[in-house]
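Asks: Protein chains in written order, with numbering that gives the first Met the number 0: chain Z, 0 to 264; chain B, 0 to 264; chain A, 0 to 378; chain D, 0 to 378.
Could you have a look at this structure, given as structure tokens, before my questions?
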Amino acid sequence: MRKFGLHFGLLLAVAVILLPPLWVLRTSLVPESLSYSTDLMPAFTTGNYADLFAKNHFGTFYLNSIIVSVGSVLLALPFAATTGYAFARFQTGGRFARFLVLATQMLPPVALVLPAFAILRGVGLTNSLTGLVIVYSALNLPFLSWILMGFFKGIPVDLEWAAMTDGTTAWGAFWRIVLPVSLPGLAAAGVLGFILSWNEFLFALVLSGPRTSTIPVALAALQTSNGVQIGKVSAGVVLAILPLVIASRFIQRFIIQGLTFGSVK
Amino acid sequence: MRKFGLHFGLLLAVAVILLPPLWVLRTSLVPESLSYSTDLMPAFTTGNYADLFAKNHFGTFYLNSIIVSVGSVLLALPFAATTGYAFARFQTGGRFARFLVLATQMLPPVALVLPAFAILRGVGLTNSLTGLVIVYSALNLPFLSWILMGFFKGIPVDLEWAAMTDGTTAWGAFWRIVLPVSLPGLAAAGVLGFILSWNEFLFALVLSGPRTSTIPVALAALQTSNGVQIGKVSAGVVLAILPLVIASRFIQRFIIQGLTFGSVK
Amino acid sequence: MASIELSRVSKLYANGIVGVRDVDLRIEDGEFIIFLGPSGCGKSTLLRTIAGLEGISSGEVRIAGQLVNNVAPRDRNIAVVFQSYALYPHMTVWQNMAFGIKMRGAAAAEIETKVQEAVELLGLTGLLDRKPGALSGGQRQRVALGRAIVRDPQAFLLDEPLSNLDAQLRAEMRLELVKLHRRLGRTTVHVTHDQVEAMTMGDRICIMREGRLIQAGAPLEVYANPADTFVAKFLASPPMNLIAGELVEAGGGALSVKACDEIFPVPDMHRAAYAGYAGKPVIFGVRSEDFYESPQEPHYHPVTVKVVAIEALGPENILIGQLGQTRPIEIAARLTRHFRAAIGSSVTLYVDARPMHLFDVETTKVIARPPLPVTRIAP
Amino acid sequence: MASIELSRVSKLYANGIVGVRDVDLRIEDGEFIIFLGPSGCGKSTLLRTIAGLEGISSGEVRIAGQLVNNVAPRDRNIAVVFQSYALYPHMTVWQNMAFGIKMRGAAAAEIETKVQEAVELLGLTGLLDRKPGALSGGQRQRVALGRAIVRDPQAFLLDEPLSNLDAQLRAEMRLELVKLHRRLGRTTVHVTHDQVEAMTMGDRICIMREGRLIQAGAPLEVYANPADTFVAKFLASPPMNLIAGELVEAGGGALSVKACDEIFPVPDMHRAAYAGYAGKPVIFGVRSEDFYESPQEPHYHPVTVKVVAIEALGPENILIGQLGQTRPIEIAARLTRHFRAAIGSSVTLYVDARPMHLFDVETTKVIARPPLPVTRIAP
């Protein structure tokens, strides 16, 4: 009896967690007029998706999001790796520098967005994807450095010493030994950076123009223009989540391993 | 010569990093009319601060932010601690459950804010601090669980075994040994949760009303109402950062120790 | 004050790994028993099943006659000293030691008395207000012991308690643990992979391998009569020399082992036991200390050995040499510190074959023979 | 093929901790030298300064006569085997072993030949495509050695290479390392905290303590003539018995040590050396193996000892006993395996005082006396 209660409770929990996303998926595949029907699947259509691409430029926004997210990660990762390595191995900057890195992560985004806008306008990069890539790189840099620091700390210094007696320079030891060994960490950090950039809303809203919007901004626009078109919004949400789901299926193992933060065995 | 170049470069870097916040501080203490002067400190006034409290209800918003941030951390932390502990010690849910926890963190906030609004409206908690506290708790829970999982993993199971042979139950061992030992981790997680809630903008914008705004929303309002009042905005930014600076001075050590993720010696 | 009985205890893990397999053992009240084996042999797992920290898959565990399969660790009234010491890092030494009886609801005065007794017994005065982080390895070890003693448990379970100490301290603590046991008289289970600890500390050794209990007995008895080649090799350093050969009849009912181009006469006392194996391949086992530099006794058998290395330890010399010409095998002989020889030269050593053993080639089990008399060291 | 010279080498860390202090040492070309000491004594630091992995604060390091203070590790042409083995986890065994000469720009054919040589020498065939994660501890150790050998360096620096192996494998590898050194003839520095490794492997031992080099010499010479009480205790197990007493004149120019209610006559051969200390307090040092159960030689001196414990190791028995009545001290005596006595009983042991040492009470340094003849084990 007690066991039955437990299982029932677990099933309920699973339902509570899984039902909302599944309902979003269902609504995205139902014509707008039947969205609020209580039937499980009153009719099937891909019209919501087609509309998004045909009328709402979702193709462009999708591409924008990918360019911005991938670009910012590729730009930030080398800096993050070298900073994280310096923090992990040397006294560089001491405790204070490490704290500063964390501290920048504490500033309220709202307080940063206006200066960012001012700077980008100064160099003529508002409404451009390049501007967003640069800003996102800057936003992700401290966090990525911190994660990679943890990773590099987990790599025994013996490995580098071995490489250095084996004939490499200190830089060669980093390049040939430390980097390859920390690939899971770099991948995990990269994926995290991608996700953060992909989901970012505030900076994208302020810094992008009508043709350079990213998915979150486009989603928000759907929700506010002339009432909420729930079918389209649902389709947009599904599309927004899709790359995350696909990516994460491949690298689930990788991330979990990478995010145990520095425990390379 | 090379050394001189190095030092010059470092000084430049320090200036680049420190100048903007210092200039914000300066602008907040200068009358609005002289804000854009290039003088270092053309005049001194605390009028911007006084105005914020007198005319812009910053006192209320400040209190709101504190209530929401502290409340959500206090609400989420016990759940996060027990979830994190279960993940660290038992097979609970397996690898998939751990991934789900990470996965929820990957959803774009923009996609969550509308459902959150719908749910809160259903139970009559829009425009209320209670609603914000609950939503922020939910948003922070996965992240806090993950951090605490790392922490608990770092605590040798021997300690619990010792307590259990010493006469405690499994729960007693958690309560009397594991929790006290992980205080730095709990503190670090709590501070992180506080900062995330304190800085959150999107949900606060959508879910709060005129009397239940938090600081980020109030800051945004200052920037958009009738032109940017740069003196007031600067003062607002300083006020927004202040508790973070104060808190972090006290717990800097704590956080850095806590955020090495699970390496309790 | 309790016996511990294990009946067909097995522990299988979820991933199919076998922790412990069909262990039968009765530990008498007050006995000091050693679980010895290489890492991964299940000795620590077995200790934890006694403590109740790991459930068992099948079998029965009894403490003081009472079935405890489903009794929580805290109700078994046993104390465990962990390899890591597992001191509570947020408590002072005093609080660490008092935690156990406090949990059992003892009065403040009793706690004070008990802790004070343990503190004096272990020489921990002056450390009571320190946190574990401020203690040396040896001090931590003592505090962990003290924490166990204060509780006055039915039995002590020690999980490699000496392995984190340096050699000198380890030798001292070995002796102190034995004295402590003699003084407290409590049933004690001591897990170790160290052959010296096993030989010198316990009333009985239980040798484990791959989850199984291979042999249990008094240290010198096990040493003199190993159950198989694993025990023969594991319980000595250098390990017993094991030489593959053949048991042959030498006329007049006498037997010899033919191995490595040598003929080792089997002592008459073992003739009856080994007669059945005549003509079969056997493994001839002879301990390194049964080689001598001189024929002190008439029955010693001379063999020629080519010197590979001499390890001069100070008090004694270990000779590593090759026995035989066609397919030489390496043997170790424990000789006096006065022995000298050039590397590569040939020397004659004298083997005392009386303590010899023969092992079955296939099962690696010992071929039973009457034991030589072993004098037990009093008391 | 290189000598290594250290002249007044010191290494201070930024936080004020002294790693190494004023070490002077000349390691001859082809020598096998041991750095021995407890953990934290600076032996590994010293090894790393030779390798160039840590800079030195003052002094000079020369390899093959060339000053290398400012030479990068890769240009010193030495190979290091680390305690953790430090195998590159993302490379196969073959890639690990080839990495070093590849870095030095060797041709593919040469790499293949060299790696193959090392593989055969160390019996690594069949493992070449595995990653380090799929190897056992012993195999990893071999690969680490192989990686060093392939490079054909001027010198091998081994940082506790055996400490992660189990006892049996450690004994085997000890011997193999010695054979390897004999075969390759390269200068080798071996860092260890294990007294057995120190005694058996090297041409010379350097005993370190708190960053200082205390004593250097051939193992048996250091064993027989320790420079101070630290060396006397550290280089033996059980450590040398150190008994506080007084040197007194016994008439006719004879000397005795009065200690623990006993009078130990000083052998005549040492009389001249010790005469100056008559009437002063001294520490009397006698090794555990200089106690005997029977008066085999007429000059052995009988003492009465109360038995505290007997550690029966199998091949020998260690007696722990109390010497003296008023303020008894505990001594260890290494006796034969045939020795038997009841705990608590009194037994008479016979001391061979010829190898004795006296130490100064204040400096703990040995009081110089002519050494007993030590035969070096050939070659």
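Quick reminder that beta carbons are idealized off the backbone N, C-alpha and C, glycines included.
Could you confirm whether any beta carbon from chain A is found closer than 7 Å to the beta carbon of D:Gly-137?
Replies: Within the fourth sequence, the letter at position 138 stands for residue 137 of chain D. Not one chain A Cβ lies under 7 Å of D:Gly-137.
Asks: Output yes if chain A places a C-beta closer than 7 Å to the C-beta of D:Leu-219; else output no.
Replies: Along the fourth sequence, read from residue 1 onward, the residue named residue 219 of chain D stands at position 220. True, the Cβ-Cβ gap to chain A drops below 7 Å.
Asks: Anyone know if the C-beta pair for D:Pro-225 and D:Ala-231 falls short of 7 Å?
Replies: Within the fourth sequence, the letter at position 226 stands for residue 225 of chain D. Within the fourth sequence, the letter at position 232 stands for residue 231 of chain D. The answer is yes: Cβ separation under 7 Å.
Asks: Does the count of Cβ pairs from the stretch 135 to 154 of chain B and the stretch 183 to 200 of chain B closer than 8 Å reach three?
Replies: With a cut-off of 8 Å, the stretch 183 to 200 of chain B and the stretch 135 to 154 of chain B count as touching, because enough Cβ pairs lie within range.
Asks: Run through DSSP, which three-state label would A:Gly-329 get?
Replies: Here residue 329 of chain A is taken as the residue at index 330 of the third sequence, counted from 1. The amino acid at residue 329 of chain A is misidentified as Gly; the sequence shows Glu. Here A:Glu-329 sits in strand by DSSP.
Asks: Find out if the Cβ-Cβ distance for the pair A:Arg-129, A:Val-92 is shorter than 7 Å.
Replies: Stepping through the third sequence from its first residue, residue 129 of chain A is reached at position 130. Stepping through the third sequence from its first residue, residue 92 of chain A is reached at position 93. Cβ distance < 7 Å, so A:Arg-129 and A:Val-92 count as in contact.
Asks: Do we get a CB-CB distance below 7 Å when we pair B:Ala-188 with the residues of chain A?
Replies: Residue numbering aside, residue 188 of chain B sits at position 189 when the second sequence is read from its first letter. B:Ala-188 does not count as touching chain A.
Asks: Here's a check: name, in chain order, each residue in its chain whose Cβ is nearer than 8 Å to the Cβ of A:His-298, leaving out the five neighbours to either side.
Replies: Taking the first residue of the third sequence as position 1, residue 298 of chain A is located at position 299. Cβ neighbours of A:His-298 beyond the five flanking positions: Pro-266, Asp-351, Ala-352, Arg-353.
Asks: Specify, as a first and last residue, the run of the alpha helix (DSSP H) that D:Arg-61 falls within.
Replies: In the fourth sequence, the residue the question calls residue 61 of chain D occupies position 62. Looking at the DSSP string, D:Arg-61 is not in any alpha helix (DSSP H); the run it does join, the beta strand (DSSP E), is 57 to 62.
Asks: For A:His-189, which beta-bridge partners are listed by DSSP?
Replies: Indexing the third sequence from 1 puts residue 189 of chain A at position 190. Bridge partners of A:His-189: A:Ile-33, A:Leu-157.
Asks: Pull the bridge partners of A:Glu-4 from the DSSP assignment, please.
Replies: The residue you call residue 4 of chain A lines up with position 5 of the third sequence. A:Glu-4 is bridged to A:Arg-25, A:Arg-61.
Asks: From the DSSP output, read off the bridge partner residues of D:Ser-255.
Replies: As a first step, residue 255 of chain D must be located in the fourth sequence, where it is residue number 256. D:Ser-255 is bridged to D:Val-247, D:Pro-264.
Asks: Which word fits A:Ala-106, buried or exposed, when buried means at least 16 other C-beta atoms lie within 10 angstroms of its C-beta?
Replies: Counted from its first residue, the third sequence places residue 106 of chain A at position 107. Exposed, since its Cβ has fewer than 16 Cβ neighbours within 10 Å.
Asks: Under 8 Å: do the stretch 135 to 143 of chain A and the stretch 156 to 167 of chain A share three or more Cβ pairs, one atom per stretch?
Replies: Yes: at least three Cβ pairs fall under 8 Å.
Asks: Nearest-angstrom Cα distance between A:Arg-375 and A:Leu-219?
Replies: Along the third sequence, one-based indexing puts residue 375 of chain A at 376. Along the third sequence, one-based indexing puts residue 219 of chain A at 220. Residue placement at A:Arg-375 cannot be trusted, given a pLDDT of 49 that sits under 50; the coordinates are not used to answer.
Asks: Is it right to say D:His-192 is buried, meaning 16 or more other beta carbons lie within 10 angstroms of its own, or is it exposed?
Replies: The sequence position of residue 192 of chain D within the fourth sequence is 193, counting from 1. Buried: at least 16 other Cβ atoms inside 10 Å.
Asks: Check whether the Cβ of Z:Ala-42 lies closer than 7 Å to any Cβ atom in chain B.
Replies: Translated into the one-based positions of the first sequence, residue 42 of chain Z becomes position 43. No, Z:Ala-42 lies away from the interface with chain B (no Cβ there is under 7 Å from its Cβ).
Asks: Enumerate in chain order the residues of its own chain whose CB-to-CB distance from Z:Val-216 is below 8 Å, with the five nearest sequence positions on each side excluded.
Replies: Within the first sequence, the letter at position 217 stands for residue 216 of chain Z. Hits under 8 Å: Phe-60, Phe-200, Ala-203, Leu-204, Ser-207.
Asks: On the three-pair Cβ rule with 8 Å, is the stretch 300 to 312 of chain D touching the stretch 333 to 348 of chain D?
Replies: Counting Cβ pairs under 8 Å, three or more are found: they touch.
Asks: Is there a Cβ of chain D sitting closer than 7 Å to that of A:Met-355, yes or no?
Replies: In the third sequence, the residue the question calls residue 355 of chain A occupies position 356. No, no contact with chain D.
Asks: DSSP beta-bridge partners for A:Ser-345?
Replies: Here the question's residue 345 of chain A lines up with position 346 in the third sequence. BP columns for A:Ser-345 point to A:Lys-305.
Asks: Excluding the 5 residues flanking D:His-89 on each side, which residues of the same chain have their C-beta closer than 8 Å to its C-beta?
Replies: Looking up residue 89 of chain D in the fourth sequence gives position 90. Here the set comprises Lys-130.
Asks: If I measure Cβ to Cβ from A:Thr-325 and keep anything under 7 Å in the same chain, skipping five residues before and after, which residues do I get?
Replies: Within the third sequence, the letter at position 326 stands for residue 325 of chain A. Same-chain partners within the cutoff: Asp-260.
Asks: Is any beta-carbon of chain D found at less than 7 Å from that of A:Arg-333?
Replies: The residue labelled residue 333 of chain A in the question sits at position 334 within the third sequence. Cβ-Cβ to chain D under 7 Å: yes for A:Arg-333.
Asks: For A:Thr-187, count neighbouring C-beta atoms within 10 Å of its own C-beta (all shown protein chains included) and say buried if the count is 16 or more, exposed if not.
Replies: Sequence index remark: in the third sequence, residue 187 of chain A carries index 188 (1-based). By the neighbour-count rule (16 or more Cβ atoms within 10 Å), A:Thr-187 is buried.
Asks: Where do the ends of the beta strand (DSSP E) carrying D:Leu-322 lie?
Replies: What you label residue 322 of chain D is simply residue 323 of the fourth sequence in a count that begins at 1. Its beta strand (DSSP E) spans residues 315 to 322.
Asks: Spell out whether any CB of chain A is found under 7 Å from the CB atom of D:Ala-377.
Replies: Taking the fourth sequence and counting its residues from 1, the one referred to as residue 377 of chain D is at position 378. With a pLDDT of 45 at D:Ala-377, under the threshold of 50, the modelled position of that residue is not reliable, and no figure is offered here.
Asks: Leaving out the 5 sequence neighbours to the left and right, which residues in its chain are closer than 8 Å to A:Ala-223 when beta-carbon positions are compared?
Replies: Mapped onto the third sequence, residue 223 of chain A falls at position 224. Contacts found: Pro-354, Pro-370, Leu-371, Val-373.
Asks: So, for D:Ala-377: in the same chain, excluding its five sequence neighbours on each side, which residues have a beta-carbon less than 6 Å away from its beta-carbon?
Replies: Here residue 377 of chain D refers to the residue found at position 378 of the fourth sequence. Low local confidence applies: a pLDDT of 45 at D:Ala-377 is under 50, so the model's placement there is unreliable, with the coordinate-based value given in what follows. Cβ within range, chain order: n/a, list empty.
Asks: Give a yes or no on whether the C-beta atoms belonging to D:Ile-342 and D:Ala-197 are separated by under 7 Å.
Replies: Along the fourth sequence, one-based indexing puts residue 342 of chain D at 343. Along the fourth sequence, one-based indexing puts residue 197 of chain D at 198. It is not a contact, given that the beta carbons lie outside the stated cut-off.
Asks: Cβ of D:Glu-310 less than 7 Å from any chain A Cβ?
Replies: Translated into positions along the fourth sequence, residue 310 of chain D becomes position 311. Judged by the 7 Å Cβ criterion, D:Glu-310 is in contact with chain A.
Asks: Taking the Cβ atom as the reference point for each residue, do D:Ile-77 and D:Ala-50 lie within a distance shorter than 7 Å?
Replies: Translated into the one-based positions of the fourth sequence, residue 77 of chain D becomes position 78. Translated into the one-based positions of the fourth sequence, residue 50 of chain D becomes position 51. Yes, the Cβ-Cβ distance between D:Ile-77 and D:Ala-50 is below 7 Å.
Asks: Please check the pair A:Val-307 and A:Gly-320, which I expect to be a contact at CB under 8 Å, by giving their CB distance rounded to whole angstroms.
Replies: Residue numbering aside, residue 307 of chain A sits at position 308 when the third sequence is read from its first letter. Residue numbering aside, residue 320 of chain A sits at position 321 when the third sequence is read from its first letter. Contact flag correct, Cβ pair sits at about 6 Å.
Asks: Using a beta-carbon distance below 7 Å, is Z:Leu-18 in contact with chain B?
Replies: Locating residue 18 of chain Z in the first sequence gives position 19, where the first residue counts as 1. Not closer than 7 Å to any Cβ of chain B, the Cβ of Z:Leu-18 fails to qualify, so no.
Asks: Determine the closest residue to A:Pro-72 out of B:Asp-165, B:Ser-127, B:Val-112, B:Asn-63, with distance taken between C-alpha atoms.
Replies: Counted from its first residue, the third sequence places residue 72 of chain A at position 73. Answer by Cα proximity: B:Asp-165.
Asks: Helix, strand or coil for Z:Asn-198? Go by DSSP, reduced to three states.
Replies: As a working note, residue 198 of chain Z is residue 199 in the first sequence. Reduced to three states, the DSSP call for Z:Asn-198 is helix.
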